[in-house]
Amino acid sequence: MTFDVVYGLSPLLVVALGALLLMLAEAFGKPNPQGLAPTGEVSDAGAGRAGELGMGAAVVLFVGAALSLGVWLAGPDNLVGLELTRPYLIWDRFTVFVCFTLCLGGGLSCLLAGGYLTEHEIDRAEFFPLVLFSTVGAMALAAAGELLTLFVALETMSLGVYALVGLRRTPRSSEAALKYFLLGSFAAALMLFGAALLYGATGRTDLAGIGQAIAAIGQGEGPGAAQVLIALVLVVVGLAFKVSAVPFHMWTPDAYEGAPTPATSYMAVAVKTAAFAVMVRVLLIAFGDERLTSWASGWPPVLATLAVASMTVANLVAGRQSSVKRMLAYSSIAHAGYALVAVVATIRSPAAEGSILFYLLTYTVSTAGAFGALILCGSRGKEAVSYEDLAGIAKRHPAAAMAFSLFLLSLAGVPPTAGFFGKLYVFQAAIDAELYVLTVVGLLNSLVGAYYYLRVIVFMYMREPAPGATLAVPMRSGYVASALVIAAVLVIALGVLPNVTLEWAAIATVGRS
Amino acid sequence: MDAWLSNPFVHGLVYGVVVVTALMTVTAWSIWFERKFAGRMQSRTGPTLVGPYGLLQPLADALKLLQKEDIVPKDADRVLFNVAPPLTVLFALGAAAVVPWGPEQIAADLDVGVLFILAMGGMVVFPVWIAGWASNNKYALLGGMRSVAQGISYEIPLVMAALVPVVLCGSMSVSDIVRFQLEHGWLIYSAPVVGFLAFLLFFLASLAEANRIPFDIPEAESELVAGVTTEYTGMKFGLFYLAEYLHTLVISAVASALFLGGWGGIGGLAPGLHWMVLKTLLLFGAIFWIRWTLLRFRADQLMTLCWKYLVPGGLALVMAAAAWVHWGAFAGTTATPAPAPAEQGAR
Amino acid sequence: MEQIGFGIISACLLGAALGVVTGKNLVHSVLWLAVTLVTTAALYVFLNATFLAGIQVILYTGGVITLMLFGVMLTRRDERVMVENEQNGRRLWIAALAALGLFALLAAATFKTPGLPRTQAEPTTTDAIGRAFLTEHLLAFEVLSLLLLAAMVGAIVLARRHDAGADARGGL
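Residue numbers (our numbering), protein chains in the order written: chain W, 164 to 676; chain G, 2 to 348; chain V, 44 to 215.
Structure (structure tokens):
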């Protein structure tokens with residue numbers, strides 16, 4: 164019994180424990196004189212150890228991913244003791260799959276940070292405990308089956324990330340952190356308000372109980388429906404902020420651009436993944452009532468509008484950016500749009516949940532890889548951010564250019580990369596659910612999206628840097644390189660052999676009633 | 002009479018008036034006492050001129066303060082400047098509402114009395130800060146900032162120290178805590194080490210909350226002229242002066258109730274009220290003793306003491322108290338068994 | 044009796060809240076906010092949630108507001124902190140309308156919800172709250188401790204200067 168719980172929750176526990184240990188190591192470890200800034204200032208005990216701590220954090224997270232895999236193989240349903248954690252944490256296959264994705268995304272980001280922080284002399288090894296804390300929150304969020312746990316997990320995830328964004332102390336970084344923090348708190352407040360209304364209307368805090376209560380309201384033509392609808396709107400808006408769907412995306416480009424790139428990568432993959440997981444669970448379990456999942460009187464039209472707006476606006480604006488980092492930010496908004504299509508499809512297609520999970524996995528490896536390649540293209544004093552910085556990088560650093568191209572192709576959805584199958588299954592689910600308009604809009608948007616992804620590749624391979632321009636010298640870092648190798652292998656493996664993963668994703672459902 | 006008094010509203014009103022009047026009177030003469038006390042410690046005689054043994058000195062002081070001109074600085078924030086002094090007295094007195102002076106002599110027997118005391122303690126920094134800010138004087142401002150920094154820092158060990166009796170006695174009501182001590186002995190000896198250390202911690206942190214030496218850096222007359230009270234004159238200054246002594250008196254009473262067995266006496270020699278007053282006055286005197294013996298801390302030493310020693314120490318104490326209760330160290334009071342496990346699912 | 048008390052406290056609450064949003068002086072706004080929070084605590088007492096009321100005062104008034112005041116002091120320049128709280132007529136009307144609309148919507152939804160308790164709630168004992176934390180909501184409670192830790196680490200990361208050790212004595 165106890166073993167079941169400990170083993171089942173082991174991904175969560177290992178990451179939490181790792182976070183505490185890393186925090187102590189950071190605080191009490193010996194500074195490394197070689198890794199210090201040239202001025203030789205020792206600002207804290209973990210100074211100059213970003214690389215090692217990053218490696219440690221990545222190892223912890225990859226162990227977490229491996230344990231998720233182990234739990235998957237053992238089958239969370241077979242671990243009877245896990246019933247104990249219900250309804251607070253629902254540890255089903257859906258959760259475990261998301262945990263795997265989260266740990267993977269977090270681990271890649273930590274590896275990137277191990278190289279990035281050292282190279283850019285950001286003496287802030289607290290990055291790693293923060294990422295781990297945030298990942299614990301994200302995993303709990305993905306598993307949350309109860310409003311209180313959900314909110315606490317959401318805040319745990321967000322707080323770490325707020326600090327990560329402001330890590331660099333440049334005005335731009337601070338601005339990004341402030342914007343993200345203010346809008347994030349606002350979104351959290353909206354969600355909390357929605358949760359309070361839900362509790363008021365139904366008298367319950369567990370999602371399943373709320374679902375039942377709402378269904379009861381539906382049968383009795385109850386007048387409480389108004390309160391439930393307001394709560395639904397508030398919760399959806401709050402979650403839309405977190406997945407950065409248009410029109411709640413305003414903070415995204417600034418926050419993504421101002422944050423140190425590994426933090427951006429973490430935000431783009433982990434935060435979004437967890438937010439989508441909880442969105443699916445809340446919508447299907449708590450708001451899974453027949454009337455609320457119908458086109459006439461429920462959330463599908465709202466989410467469909469969000470999806471169309473996210474895809475269209477983000478893709479159109481992304482093409483006009485001059486900063487690659489900003490372009491990737493808009494790209495992440497567009498990807499939120501594609502995933503939202505799949506969320507809408509869950510109302511009629513049983514395969515849609517699996518397609519979301521698979522999509523999030525492919526998105527995670529591609530995005531983390533793309534940001535990693537962007538990191539690799541710049542070095543101390545001159546980060547590669549604009550298209551011009553990347554001009555002719557193929558000659559200066561062929562490997563980086565090649566990796567970048569691979570991830571961009573995957574993001575664009577070109578076969579045989581992971582991104583292709585991710586999109587394919589999402590659209591398949593959409594067709595399955597008879598959402599033809601959404602599918603067509605999504606396909607058209609993929610075409611538009613291909614333009615700006617390919618534009619980067621064109622700059623890398625076919626342009627020469629403007630004469631006299633300061634060139635971004637690609638950096639060398641084993642950490643970043645290994646992260647890219649892992650991501651690249653996964654992108655190709657998921658693209659060539661998607662079957663196993665897809666089958667696994669297909670059986671990972673939230674178990675709606 | 003009794004039935005009429007048992008109406009909580011009337012009861013609260015009556016005892017409130019009695020307690021406030023008594024505290025005010027004691028406070029006034031405690032100033033005389035302190036001056037005498039300090040005088041003896043420094044081989045002086047203290048006040049002797051007004052009345053026998055200078056006993057009427059407090060009245061003379063009050064008369065003097067009332068006659069002074071009431072000055073409000075030109076650029077001061079007039080409203081806040083005037084609001085601050087009475088607020089100081091209010092919050093200093095507030096905690097007295099839940100202090101039991103005897104089995105029945107309590108103005109408001111709240112079931113969350115300890116929380117109320119802590120809340121009042123937390124609010125005390127407000128008027129001090131307001132006074133500092135509204136005076137538009139740099140020394141006053143510095144004093145206000147120091148008071149805020151000190152207040153929020155020392156509130157943490159204060160809360161932890163106050164949690165120890167709560168954990169040991171299993172109640173947040175001050176009178177319940179006293180009754181528990183009547184049954185099991187005063188906490189400073191019935192829970193050896195833990196109770197005693199918690200008492201010391203509570204006492205120290207309370208001194209800091211009340212801005213008494215050695216924690217009086219918000220006032221620090223050698224560095225900041227007179228800190229937050231720099232711009233105040235007449236009775237407004239008098240109110241600050243009064244509030245400081247009142248607060249000291251109230252925390253002595255709270256500490257006696259929480260740790261020293263409240264109205265419980267030795268051998269039933271006298272009614273409970275006498276014992277409570279005696280304990281309070283003894284602690285009160287101890288504070289004067291400390292004041293005239295120790296030096297003031299420097300601002301950074303104050304913070305170091307709080308964050309590096311008192312806060313971790315307080316955490317350890319709370320855990321020790323929990324362990325003490327868990328292993329049933331008080332005869333006949335093992336940890337209350339949990340009720341039948343709640344039904345799965347949220348309510 | 045209770046109705047009157049509720050009315051008085053609510054009026055104070057609304058007045059203080061108005062003071063927060065209309066105040067032209069940042070410090071006054073913060074102090075009004077403190078009044079708002081204390082009166083909210085008084086409302087909790089009316090709901091028989093005395094523990095919550097105490098915690099509200101300790102945490103929000105004693106902790107959060109105090110820190111806000113401290114923040115205001117640290118950002119204070121030579122002049123008194125004044126925020127340009129623009130109050131042109133049209134915006135005021137729009138804001139008032141939006142607030143009223145939201146209020147009407149929420150009030151309507153609340154009144155239409157069946158099964159809301161119409162009488163005063165049973166007092167919740169501190170004991171029950173503690174037990175709920177350590178049994179039912181243990182997981183959330185543990186995650187919460189991580190949240191606080193993360194917040195602390197994050198705050199230190201953001202607050203620490205690059206050139207640490209410059210003046211260990213601090214500036215107070």
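Virtual Cβ for every residue (Gly too), placed ideally from N, Cα, C.
List the endpoints of the continuous alpha helix (DSSP H) containing residue 247 of chain W. Run containing residue 247 of chain W: none; DSSP gives neither H nor E here.
With a floor of 4 residues, list each alpha helix (DSSP H) that falls wholly inside the stretch 137-194 of chain V, ordered by position along the chain. 169-177
What's the C-alpha gap between residue 209 of chain V and residue 421 of chain W? Annotation note: pLDDT 34 at residue 209 of chain V (below 50); position unreliable, coordinate value reported separately. C-alpha separation (whole angstroms): 27 angstroms.
Does the contact criterion of 3 or more C-beta pairs under 8 angstroms hold for the stretch 106-113 of chain G versus the stretch 41-61 of chain G? no
Give the residues of chain V in contact with residue 393 of chain W, contact being defined as C-beta atoms less than 9 angstroms apart. 148, 149, 152
Can you tell me where the alpha helix (DSSP H) with residue 577 of chain W in it begins and where it stops? That residue, residue 577 of chain W, is in no alpha helix (DSSP H); it is neither H nor E in DSSP.
From V:63, V:59, V:195, V:91, residue whose alpha carbon lies closest to that of residue 45 of chain V: V:91
Chain G contact for residue 116 of chain V (CB, 7 angstroms cutoff): yes
Is residue 125 of chain G closer than 7 angstroms to residue 92 of chain G when the C-beta atoms are compared? yes
At a Cβ threshold of 7 angstroms, is residue 183 of chain V touching chain W? yes
Residue 139 of chain G: buried (16+ other C-beta within 10 angstroms of its C-beta) or exposed? exposed
Taking C-beta to C-beta, are residue 275 of chain W and residue 538 of chain W nearer than 7 angstroms? yes
Would you list, in chain order, the members of the stretch 349-374 of chain W that have their beta-carbon closer than 8 angstroms to a beta-carbon of chain V? 360, 363, 364, 366
Given that residue 112 of chain V touches chain G, what residues does it touch there, using C-beta distances under 7 angstroms? 130, 149
Measuring CA to CA, which of G:8, G:326, G:38 is closest to residue 191 of chain G? G:326
So with Cβ pairs under 7 angstroms, would you call residue 142 of chain V a contact of chain W? no
Could you spell out the range, first to last residue, of the alpha helix (DSSP H) harbouring residue 226 of chain W? 213-237
Name the chain V residues that come within less than 7 angstroms of residue 120 of chain G, Cβ to Cβ? 97, 100, 101, 105
Cross-chain neighbours of residue 116 of chain G in chain V, by beta carbon under 9 angstroms: 93, 94, 96, 97, 98, 100, 101, 169
For residue 311 of chain W, go through chain V and note every residue whose CB falls closer than 7 angstroms to its CB, in chain order. 180, 183
Note down, in chain order, every chain V residue with its Cβ under 7 angstroms from the Cβ of residue 113 of chain G. 93, 94, 97, 169
When we look at the beta-carbon of residue 114 of chain V and count the other beta-carbons within 10 Å, is it buried (16 or more) or exposed? exposed
Relative to chain G, which residues along the stretch 55-81 of chain V have a C-beta separation below 9 angstroms, given in chain order? 68, 70, 71, 74, 77, 81
Minimum Cβ-Cβ distance from residue 109 of chain V to chain G less than 7 angstroms: yes
Is there a Cβ of chain V sitting closer than 7 angstroms to that of residue 126 of chain G, yes or no? yes
Quick one: grab the DSSP three-state call for residue 307 of chain W. strand
Start-to-end residues for the alpha helix (DSSP H) that takes in residue 288 of chain G: 273-294
Just checking: is the beta-carbon of residue 251 of chain W within a distance shorter than 7 angstroms of some beta-carbon in chain C? Absent here is chain C; the protein component of the structure consists of chains W, G and V.
Spell out a yes or no on whether the stretch 233-245 of chain W and the stretch 388-401 of chain W are touching, meaning 3 or more CB-CB pairs, one atom from each, closer than 8 angstroms. no
Are residue 206 of chain G and residue 216 of chain G close, meaning C-beta to C-beta below 7 angstroms? no
Where DSSP assigns a beta bridge to residue 369 of chain W, which residues make up the other side? W:309
Taking 7 angstroms as the threshold (C-beta atoms), are residue 136 of chain G and residue 70 of chain G in contact? no
Could you say which of G:323, G:321, G:8, G:304 lies nearest to residue 157 of chain G if we only look at CA atoms? G:304
Is it the case that the Cβ atoms of residue 514 of chain W and residue 592 of chain W are separated by a distance below 7 angstroms? yes
Same chain only: Cβ atoms within 7 angstroms of residue 57 of chain V, ignoring 5 sequence neighbours per side: none
Inter-stretch contact at 8 angstroms, needing at least 3 Cβ pairs: the stretch 593-605 of chain W / the stretch 501-519 of chain W: yes
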